[in-house]
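Just below is one structure, and these are the notes that go with it.
Residue numbers (the working numbering): 329 to 576.
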């Protein structure tokens, strides 16, 4: 008799794709549709930045900063250093001074990140540029970005989405909060895990992800706030398990 084959091993729950560990609800497309209609009915056309390095530095500046301060700091850097070689030559102290003059917090930390990034590019590339990412596929572009000092998954995803028109899905504090309140993901999942889940369940199209990302952030700022959420005005109220609790 032929030898009996052992039964196939079942995958450990932790080895399954996140979309199988936490199945997306059937109404996820409805969530996306309502957010789009409310906050971004006319999404822009995709565009690619002429110099993605500018977008990466701007993204670093945006961390724990408001949009006006981020723009002011970035403009201050571009005025002081028309070429990034000037920032590299000036060093972290010079970069910090420019950021401080523009206002905003964490100037020393961000100056260190920017200097380390420029130094790494200077050592590994003929010019201070990330233009090559425009010609790489999504996976290679992400790997290059995440190999740079101070660049994690969310920062890389922002550059991919906003500067390279790739279908990334960065998850910020607003999107993370909304996903938990809607019980799309487990409460214990961190933002990295939530981003990976969204990457598996959302259409792999730039327009769909850009719209969901921007609309969800606006929803988090205007309606689904961390404190005093405006559940009565929420377009997702009937789909949100947290609404009854938050309104009570």
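Virtual Cβ for every residue (Gly too), placed ideally from N, Cα, C.
Every value quoted in this text rests on a predicted model; they were computed, and no experiment measured them.
Close Cβ partners of residue i (< 8 Å) along its chain, the five nearest in sequence each way excluded
i: residue 568; result: 509, 510, 559 and 562
i: residue 379; result: 457, 458 and 459
i: residue 533; result: 495
The ligand FMN heavy atom lying under 8 Å from the CB of residue i
i: residue 426; result: This structure lacks the ligand FMN, and indeed carries no ligand of any kind.
Short Cβ contact (9 Å threshold) for residue i with residue j
i: residue 359; j: residue 564; result: yes
i: residue 469; j: residue 492; result: yes
i: residue 363; j: residue 483; result: no
i: residue 524; j: residue 346; result: yes
i: residue 541; j: residue 514; result: no
i: residue 487; j: residue 383; result: yes
i: residue 366; j: residue 547; result: yes
i: residue 408; j: residue 424; result: no
i: residue 496; j: residue 368; result: no
i: residue 535; j: residue 357; result: no
i: residue 545; j: residue 500; result: yes
Same chain, Cβ closer than 7 Å to residue i, five either side skipped, listed in chain order
i: residue 329; result: Low local confidence applies: a pLDDT of 40 at residue 329 is under 50, so the model's placement there is unreliable, and no value is given.
i: residue 448; result: 476 and 477
i: residue 434; result: 392
i: residue 375; result: 493
i: residue 505; result: 548, 552 and 554
i: residue 350; result: 513, 514 and 525
i: residue 557; result: 551 and 574
i: residue 398; result: 386, 389 and 390
i: residue 412; result: 381, 446 and 456
i: residue 570; result: 509
i: residue 464; result: 472
i: residue 429; result: 404
i: residue 485; result: 496, 497, 498 and 523
i: residue 348; result: none
i: residue 296; result: Residue numbering for the chain in the displayed model covers 329 to 576; residue 296 lies beyond these limits and cannot be assessed.
i: residue 354; result: none
i: residue 450; result: 416 and 456
i: residue 453; result: none
Cβ separation of residue i and residue j, assumed to be a contact under 8 Å, to the nearest whole Å
i: residue 432; j: residue 403; result: With 8 Å as the limit, residue 432 and residue 403 do not qualify as a contact, their Cβ atoms being about 12 Å apart.
i: residue 426; j: residue 405; result: 6 Å
Cutoff 6 Å; reference residue i; Cβ partners in own chain excluding five residues on either side
i: residue 466; result: 494
i: residue 331; result: Low local confidence applies: a pLDDT of 47 at residue 331 is under 50, so the model's placement there is unreliable, and no value is given.
i: residue 352; result: 529
i: residue 420; result: 439, 440 and 443
i: residue 481; result: 520
i: residue 361; result: none
For this session: For the region 497 to 527, list the alpha helix (DSSP H) runs that are entirely contained and at least 4 residues long, ordered along the chain.
Result: 501 to 509
Exercise. If we count Cβ pairs, one from each stretch, closer than 8 Å, do we get three or more for the region 518 to 525 versus the region 459 to 477?
Worked result: no
Exercise. What runs of the alpha helix (DSSP H), each 4 residues or longer, lie entirely inside the region 447 to 479?
Worked result: 466 to 474
For this session: Assess, as a yes-or-no matter, whether the region 538 to 555 is touched by the region 383 to 397 under the definition of 3 or more beta carbon pairs within less than 8 Å.
Result: no
Exercise. Are the region 437 to 447 and the region 412 to 425 touching, with three or more C-beta to C-beta distances below 8 Å?
Worked result: yes
Problem set entry | In chain order, each alpha helix (DSSP H) run of at least 4 residues that lies wholly inside the region 373 to 402 | 380 to 390
Exercise. What are the complete alpha helix (DSSP H) segments, minimum 4 residues, inside the region 404 to 438?
Worked result: 412 to 430
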